[in-house]
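Below you can see the structure in the form of structure tokens.
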């Protein structure tokens, strides 16, 4: 660099100002020479690929704004019953379960009685629940019916550990000072399950509300003792939750809403 500086100064009678003007003149010539070349390259490109010119001239189109109602409706339509046969076996973490249960806790409730109760079964708790199921079926069915039920349970036994079982319970009188109609409390608990389900869908985990083996088993004395609910309370089955790689393969459709609504 120092050599070039001395050379330019020598060439222009030792005048730095003349040397600087000469350098600027050279740079100007370079720019003027390069500009037509760049223009020619762009012209050639656009002639070969008209889309390139269109993309250059077209401004980015504004993206449609996604509203909260759009997001909510998409979530509702995405919810599916995904069965344990399609669970990977990886159990859902406690932190995800807690988020789902917190969403359930914000269900509507007449009189703020909040009748919903959930019991998350551990692997040992699940085995005890299955044992109770077997005992109740054996005590309430004839030999033929019991054999069919037992065979069905045993055929699915390997699937149950893939899921976390959450007992869905509804207290008959959650608030000692308020006794609401039972159907209202059952409806509130069902709303809580829907909240739980939707949050699970949003978190990317699969779920399925099972009536298990029906009223006789779910509301047997032994089952209520296991779940810690009273004789007057109800177990509405179990919510099974797990991870699945097949959630997107589950399809669903609904009939036209107008066939189910009357405006008066």
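Numbering (the numbering used here), first residue to last: 469 to 732. Backbone N, C-alpha and C define an ideal beta-carbon position, used for all residues, glycine too. Just so we're clear, the structure is a prediction, and the values are computed from it rather than from any experiment.
Output yes or no for whether 7 Å exceeds the beta carbon distance between residue 576 and residue 638.
One-based indexing of the chain shown puts residue 576 at position 108. One-based indexing of the chain shown puts residue 638 at position 170. No, Cβ-Cβ distance for residue 576 and residue 638 is not below 7 Å.
Using DSSP with H/G/I as helix, E/B as strand and the rest coil, what is residue 676?
One-based indexing of the chain shown puts residue 676 at position 208. Strand, per DSSP.
Do the stretch 650–662 and the stretch 601–616 make contact, defined as three or more Cβ pairs closer than 8 Å?
No, the stretch 650–662 does not touch the stretch 601–616.
Of all the alpha helix (DSSP H) runs that stay within the bounds of the stretch 641–729, which reach a length of 4 or more residues?
Qualifying alpha helix (DSSP H) stretches, in chain order: 650–670, 683–686 and 689–695.
Which same chain residues end up closer than 8 Å to residue 556 when comparing Cβ atoms and leaving out the 5 residues on each side of it in sequence?
Here the question's residue 556 lines up with position 88 in the chain shown. So the qualifying residues of the chain are 630, 710, 711, 712 and 713.
For residue 721, count neighbouring C-beta atoms within 10 Å of its own C-beta (all shown protein chains included) and say buried if the count is 16 or more, exposed if not.
As a position in the chain shown, residue 721 is number 253, starting the count at 1. Exposed: under 16 other Cβ atoms inside 10 Å.
Exposed or buried, what is residue 597 when buried is set at 16 or more other beta-carbons lying within 10 Å of its beta-carbon?
Numbered from 1 along the chain shown, position 129 holds the residue referred to as residue 597. Flag for residue 597 reads buried.
Check whether the stretch 564–575 and the stretch 661–668 touch, using three or more Cβ-Cβ pairs below 8 Å as the test.
Segments in contact, yes.
Would you check if the stretch 669–677 and the stretch 542–557 touch, i.e. whether three or more CB-CB distances between them fall below 8 Å?
Segments in contact, yes.
When the Cα atoms are used, what is the spatial distance from residue 649 to residue 602?
On the chain shown, residue 649 is found 181 positions in, with the first residue counted as 1. On the chain shown, residue 602 is found 134 positions in, with the first residue counted as 1. The alpha-carbon of residue 649 is positioned some 33 Å away from that of residue 602.
Excluding the 5 residues preceding and the 5 following residue 671 in the sequence, name in chain order all residues of the same chain whose CB lies nearer than 8 Å to its CB.
To locate residue 671, count along the chain shown from 1; it is residue 203. Cβ neighbours of residue 671 beyond the five flanking positions: 564, 567 and 568.
Quick one: what's got a C-beta closer than 6 Å to residue 688's C-beta in the same chain, skipping five residues either side?
As a first step, residue 688 must be located in the chain shown, where it is residue number 220. Cβ contact annotation for residue 688 (same chain, cutoff 6 Å, sequence separation greater than five): 604, in chain order.
How long is the line joining the alpha carbons of residue 552 and residue 692, rounded to whole angstroms?
Looking up residue 552 in the chain shown gives position 84. Looking up residue 692 in the chain shown gives position 224. If you draw a straight line from the Cα of residue 552 to the Cα of residue 692, it is about 24 Å long.
Please work out which residues of its chain come closer than 8 Å, Cβ to Cβ, to residue 632, disregarding the five sequence neighbours upstream and downstream, and give them in chain order.
The sequence position of residue 632 within the chain shown is 164, counting from 1. 559, 560, 565, 588, 589, 708, 709 and 710.
Taking 6 Å as the cut-off, does the CB of residue 549 come closer than this to any heavy atom belonging to the ligand ADP?
The ligand ADP is not part of the structure shown, which contains no ligands of any sort.
Cβ-based neighbour list, residue 659, same chain, cut-off 7 Å, excluding 5 preceding and 5 following:
Mapped onto the chain shown, residue 659 falls at position 191. Closer than 7 Å at Cβ, skipping near neighbours: 575 and 576.
Helix, strand or coil: which one does DSSP assign to residue 635?
Your numbering for residue 635 matches position 167 in the chain shown. In the structure shown, residue 635 sits in a strand (DSSP, three-state: E or B).
Quick check: the Cα distance between residue 696 and residue 731, rounded to an integer number of angstroms?
As a working mapping, residue 696 is identified with position 228 in the chain shown. As a working mapping, residue 731 is identified with position 263 in the chain shown. When rounded, the distance between both Cα atoms is 45 Å.
Which of helix, strand or coil DSSP assigns to residue 541
Position 73 of the chain shown holds residue 541. Per DSSP, reduced to three states, the secondary structure at residue 541 is helical.
Given this structure, state the Cα-to-Cα distance separating residue 668 from residue 608, to the nearest angstrom.
For the purposes of this step, residue 668 is identified with residue 200 of the chain shown, where counting begins at 1. For the purposes of this step, residue 608 is identified with residue 140 of the chain shown, where counting begins at 1. Note on geometry: alpha-carbon atoms of residue 668 and residue 608 lie some 35 Å from one another.
Does DSSP put residue 606 in a helix, a strand or coil?
Here the question's residue 606 lines up with position 138 in the chain shown. If DSSP states are grouped into helix, strand and coil, residue 606 belongs with the helices.
Hey, residue 600 and residue 705: beta-carbon distance below 7 Å or not?
Sequence index remark: in the chain shown, residue 600 carries index 132 (1-based). Sequence index remark: in the chain shown, residue 705 carries index 237 (1-based). Cβ atoms of residue 600 and residue 705: not closer than 7 Å.
Within 10 angstroms of its Cβ, does residue 534 collect 16 or more other Cβ (buried), or is it exposed?
Here residue 534 refers to the residue found at position 66 when the chain shown is read from its first residue. Around the Cβ of residue 534, a 10 Å sphere holds fewer than 16 other Cβ atoms; the residue is exposed.
Can you say whether residue 717 is buried or exposed, counting buried as having 16 or more other CB atoms within 10 angstroms of its CB?
Against the chain shown, residue 717 aligns to sequence position 249. Taking every protein chain shown into account, the CB of residue 717 has fewer than 16 other CB atoms within 10 angstroms, so this residue is exposed.
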